[in-house]
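First up is the structure itself, then whatever we jot down about it.
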Amino acid sequence: MGDITRWGAAGQKYKIHPETLEYFQILEEQGSRPLATLTVEEARQSSLDKAEQFAGTIEFDGTTEEYFCPSPYSTEGIPIDVYTPSDYKSSSSILVYFHGGGLVIGSRRTVETLCKIIARDASCIVVNVEYRMGPEHRVPACFQDAKLVLRWVNLNKGRIGALNSSKLGVMGDSGGGQIAAAVCYDVKGIDYQVLIYPMTDMTCSLPSFSEFSETPGLNQSSIDWFMENALKTDKQKRDSSYNPGQQISQYNLPPALIVVAQLDPLRDCSYVYNQKLREAHVESSTILIRGAPHGFYNLPGFFEELCTETNGHVINFIKRFHNS
Numbered sequence: 001m002g003d004i005t006r007w008g009a010a011g012q013k014y015k016i017h018p019e020t021l022e023y024f025q026i027l028e029e030q031g032s033r034p035l036a037t038l039t040v041e042e043a044r045q046s047s048l049d050k051a052e053q054f055a056g057t058i059e060f061d062g063t064t065e066e067y068f069c070p071s072p073y074s075t076e077g078i079p080i081d082v083y084t085p086s087d088y089k090s091s092s093s094i095l096v097y098f099h100g101g102g103l104v105i106g107s108r109r110t111v112e113t114l115c116k117i118i119a120r121d122a123s124c125i126v127v128n129v130e131y132r133m134g135p136e137h138r139v140p141a142c143f144q145d146a147k148l149v150l151r152w153v154n155l156n157k158g159r160i161g162a163l164n165s166s167k168l169g170v171m172g173d174s175g176g177g178q179i180a181a182a183v184c185y186d187v188k189g190i191d192y193q194v195l196i197y198p199m200t201d202m203t204c205s206l207p208s209f210s211e212f213s214e215t216p217g218l219n220q221s222s223i224d225w226f227m228e229n230a231l232k233t234d235k236q237k238r239d240s241s242y243n244p245g246q247q248i249s250q251y252n253l254p255p256a257l258i259v260v261a262q263l264d265p266l267r268d269c270s271y272v273y274n275q276k277l278r279e280a281h282v283e284s285s286t287i288l289i290r291g292a293p294h295g296f297y298n299l300p301g302f303f304e305e306l307c308t309e310t311n312g313h314v315i316n317f318i319k320r321f322h323n324s
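In structure tokens form, the structure reads like this:
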């Protein structure tokens with residue numbers, strides 16, 4: 001069991017899950033440094049190291065194929081991994097996944113186990129996207145790549161083993177959830193969206209940003225670090241193209257499931273965005289994962305209870321969009 005005092009007032013207000021306490025205790029014992037003190041290269045390596053230590057592995061009964069989505073921004077194209085479980089039926093849906101990492105860190109490798117779990121348990125095809133990130137390729141690069149991949153997948157369902165009538169979903173965690181939500185405004189043919197503690201408003205003005213501004217893991221200093229490396233200008237924090245919560249209208253968007261981590265600066269983003277969707281008569285619901293920190297979901301090898309709880313909701317939601 002870890003030290004609850006590092007959570008300050010939040011540790012008194014909320015019941016912190018034992019997996020959360022132990023995780024940050026391990027990081028402290030290993031000498032993990034705050035994100036804001038790292039270079040981009042160090043932060044990316046740290047993200048990969050955490051995935052290798054805590055994400056776990058599974059025996060995936062199915063196929064993994066790499067494709068390259070054509071792009072005017074890259075001669076090689078956008079790399080994607082396509083996971084197809086052995087029990088996949090062509091009537092099942094296709095899910096395009098965007099990894100988290102504040103649009104700066106993370107990769108296909110950091111969510112590989114997670115994507116395979118979803119493909120296995122939901123019996124769907126999962127497309128794992130390697131989009132461009134800042135500071136080398138600042139916003140809007142990641143959003144451009146996401147839209148290109150979604151349009152390519154929609155036109156090539158048969159090539160990756162599905163039917164033209166197969167439903168298409170988007171999903172992502174954190175910054176990947178931000179991407180997944182944003183593309184629903186611009187890309188036709190998306191049937192559902194699963195948003196895992198998404199960043200929907202980069203102004204960071206909601207109460208949860210203040211409440212968890214100095215807690216372990218994602219806090220205000222790390223959010224500032226991400227934005228410094230991801231954005232071209234501060235104006236992008238208010239640009240509705242990248243901030244789904246600042247869009248004027250949410251009408252005609254696909255049904256949404258939004259997973260909320262209780263101990264997360266981004267928590268209120270989910271609640272406010274869910275309310276906007278519902279006011280626009282979009283089917284949307286939130287699932288609160290109590291005692292969970294931001295970033296737990298792509299580490300299922302360690303956060304076993306929290307991820308199992310989350311996936312119970314996620315998998316059931318995805319299965320709703322399989323054709324009968």
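In our numbering, the protein residues as written are 1 to 324.
Glycine included, C-beta positions come from ideal geometry on N, C-alpha and C.
Values in this document were obtained by computation on a predicted structure and should not be read as measured data.
The alpha helix (DSSP H) enclosing residue i, as first and last residue numbers
i    : result
N154 : 141-155
G8   : 8-13
V272 : 267-279
F54  : 40-54
Q220 : 220-230
L206 : Here L206 belongs to no alpha helix (DSSP H), and DSSP marks it neither H nor E.
C307 : 304-319
K116 : 112-122
Paired residues, beta bridge with residue i - DSSP
i    : result
C69  : I78
N128 : D81, Y97
A261 : I289
L27  : According to DSSP, which records beta bridges pairwise, L27 is partnered with nothing at all.
D173 : I196
L35  : Partner(s): none; L35 has no beta bridge.
L168 : I94
G62  : P85
A256 : Q193, S284
8 Å Cβ cutoff met for residue i and residue j
i    : j    : result
I78  : V149 : yes
Q178 : T203 : no
G56  : G295 : no
Q144 : V170 : no
Y83  : I196 : no
L299 : K50  : yes
T5   : G11  : yes
Q236 : V153 : no
P254 : I190 : yes
V111 : Y97  : yes
A230 : G134 : yes
P198 : S270 : yes
I258 : N274 : yes
L218 : D264 : yes
V260 : T233 : no
S166 : S92  : yes
L206 : V314 : no
Q25  : D3   : yes
V129 : A146 : yes
Exposure of residue i, with buried meaning 16 or more beta-carbon neighbours within 10 Å
i    : result
I248 : exposed
A9   : exposed
R320 : exposed
Q262 : buried
Y73  : exposed
N323 : exposed
P106 : Per the sequence shown, the amino acid found at residue 106 is Gly instead of Pro. By the neighbour-count rule (16 or more Cβ atoms within 10 Å), G106 is buried.
Y251 : exposed
T75  : exposed
D81  : buried
G172 : buried
R120 : buried
L168 : buried
K188 : exposed
T113 : buried
G175 : buried
S222 : buried
P18  : exposed
K116 : buried
L277 : buried
The beta strand (DSSP E) enclosing residue i, as first and last residue numbers
i    : result
T286 : 284-293
L195 : 192-196
The ligand PLP heavy atom lying under 7 Å from the CB of residue i
i  : result
R6 : You won't find the ligand PLP in this model; it holds no ligand whatsoever.
Meets three-Cβ-pair contact criterion under 8 Å: the segment 86-96 and the segment 282-301
No, the segment 86-96 is not in contact with the segment 282-301.
Touching or not, the segment 240-260 and the segment 172-187, by the rule of three or more beta carbon pairs under 8 Å?
Contact between the segment 240-260 and the segment 172-187 is present, because at least three Cβ pairs lie under 8 Å.
Take every Cβ of the segment 15-35, pair it with every Cβ of the segment 55-69, and state whether three or more of those distances are shorter than 8 Å.
In this structure the segment 15-35 does not touch the segment 55-69; the number of beta carbon pairs closer than 8 Å is below three.
Would you call the segment 66-74 and the segment 99-107 in contact, with 3 or more CB pairs under 8 Å?
Output reads no: the segment 99-107 does not touch the segment 66-74.
Are there three or more Cβ pairs, one per stretch, closer than 8 Å when the segment 120-127 is compared with the segment 156-171?
These segments touch.
Pair every Cβ in the segment 204-212 with every Cβ in the segment 308-315, then say whether three or more of these pairs are closer than 8 Å.
With a cut-off of 8 Å, the segment 308-315 and the segment 204-212 do not count as touching, because too few Cβ pairs lie within range.
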